[in-house]
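Structure first, then comments.
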Amino acid sequence: MNGGSGTSDRVTSLLVDMPGMVEVNGHVKSSRDSATLLSIGEVAQRFGLPTHVLRYWESMGLMAPTRGVGARRGYGPDDLFRLVVVLRAKRAGFGLEAIRRIVTAQEPATRTDLLRRHRAQLLDRIAAAQASLDLIDAALHCEHEDIAQCPHFRAMVAEETQGLLRG
Numbered sequence: 066m067n068g069g070s071g072t073s074d075r076v077t078s079l080l081v082d083m084p085g086m087v088e089v090n091g092h093v094k095s096s097r098d099s100a101t102l103l104s105i106g107e108v109a110q111r112f113g114l115p116t117h118v119l120r121y122w123e124s125m126g127l128m129a130p131t132r133g134v135g136a137r138r139g140y141g142p143d144d145l146f147r148l149v150v151v152l153r154a155k156r157a158g159f160g161l162e163a164i165r166r167i168v169t170a171q172e173p174a175t176r177t178d179l180l181r182r183h184r185a186q187l188l189d190r191i192a193a194a195q196a197s198l199d200l201i202d203a204a205l206h207c208e209h210e211d212i213a214q215c216p217h218f219r220a221m222v223a224e225e226t227q228g229l230l231r232g
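If you want it as structure tokens, here you go:
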């Protein structure tokens, strides 16, 4: 993917390749030593998340911790890896359903397609935010005391209005 920076390449690799992942829906899990498992409370504390969020993500298929004695959740290295993937995807602006599709996709090409579509949506939002910033900058740098009377500002607003009426 042409993300440009090394960081975006690493994130793409993390989301597309997902080494060490466990399959949730097929119930394939790596063997886990119960001594290395963290409780839901420990994971919540370490990641700064409420426990109900982890439970909700589990109900959505985003997480699949091991169930131990008394049906207590146990989070191993694969679970923590997946949790970091979920958190990174949220920071990248993905919704939970899109994240679920990413982490449960069987084929890397499916994840790549989801990432490409999200990237296109982000570029559209960035363009809209840049247009808003340009309008605000024009207002802040206007020589007129009342921005509503500035011909340049009014022209920018009129141009945007016409574009909306045509579109």
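Using my numbering, the first residue of the sequence shown is number 66, and each one after it goes up by one.
Yeah, the Cβ is synthetic: ideal placement off N, Cα and C, and Gly gets one too.
As the structure is a computational prediction, the values presented were derived from the model and not from experiment.
Local Cβ density within 10 Å of V134, reported as buried at 16 or more and exposed below that: Per the 10 Å Cβ criterion, exposed.
Cross-strand partners of Y140 (DSSP beta bridge): DSSP links Y140 through a beta bridge to L103.
The alpha helix (DSSP H) enclosing H183, as first and last residue numbers: Segment P173 to L205, the alpha helix (DSSP H) holding H183.
8 Å CB neighbourhood of L179 in its chain, flanking five on each side removed: So the list reads A163, R166, I167 and A170, once near-sequence residues are dropped.
A213 to L229 span [Cα, whole Å]: Note on geometry: alpha-carbon atoms of A213 and L229 lie some 20 Å from one another.
Exposure of R138, with buried meaning 16 or more beta-carbon neighbours within 10 Å: R138 is buried by the Cβ-count criterion.
Inter-residue Cα distance where the pair is Q186 and T131: Roughly 36 Å separates the two Cα atoms.
Supposed contact pair A203 and H217 - C-beta distance, whole angstroms, cut 8 Å: So it is a contact: roughly 6 Å between Cβ atoms.
Inter-residue spacing [alpha-carbon to alpha-carbon] between V151 and H117: Each residue's Cα considered, the two are about 15 Å apart.
Residues near G106 by beta carbon distance below 8 Å, same chain, minus five either side: T116.
Alpha carbon of G126 to alpha carbon of R190, nearest angstrom: Rounded to whole angstroms, G126 to R190 spans 28 Å at the Cα level.
Burial state of R231, where buried means 16 or more other Cβ atoms lie within 10 Å: Its Cβ having fewer than 16 others within 10 Å, R231 is exposed.
Any C-beta of chain D under 8 Å from that of I164: You won't find chain D in this structure, because it holds only one protein chain.
Between the CA atoms of L145 and G158 - distance to the nearest angstrom: When only Cα atoms are considered, G158 and L145 end up about 20 Å apart.
Nearest candidate by alpha-carbon position, reference H183, set A174, G160 and E172: Closest by C-alpha distance to H183, out of A174, G160 and E172, is G160.
N- and C-terminal bounds of the alpha helix (DSSP H) containing M125: Segment T116 to M125, the alpha helix (DSSP H) holding M125.
8 Å contact criterion, which G141 and T101 should meet: CB distance rounded: Confirmed, about 6 Å.
R147 versus A193: straight-line alpha-carbon distance, rounded: Near 32 Å, if we compare the C-alpha coordinates of A193 and R147.
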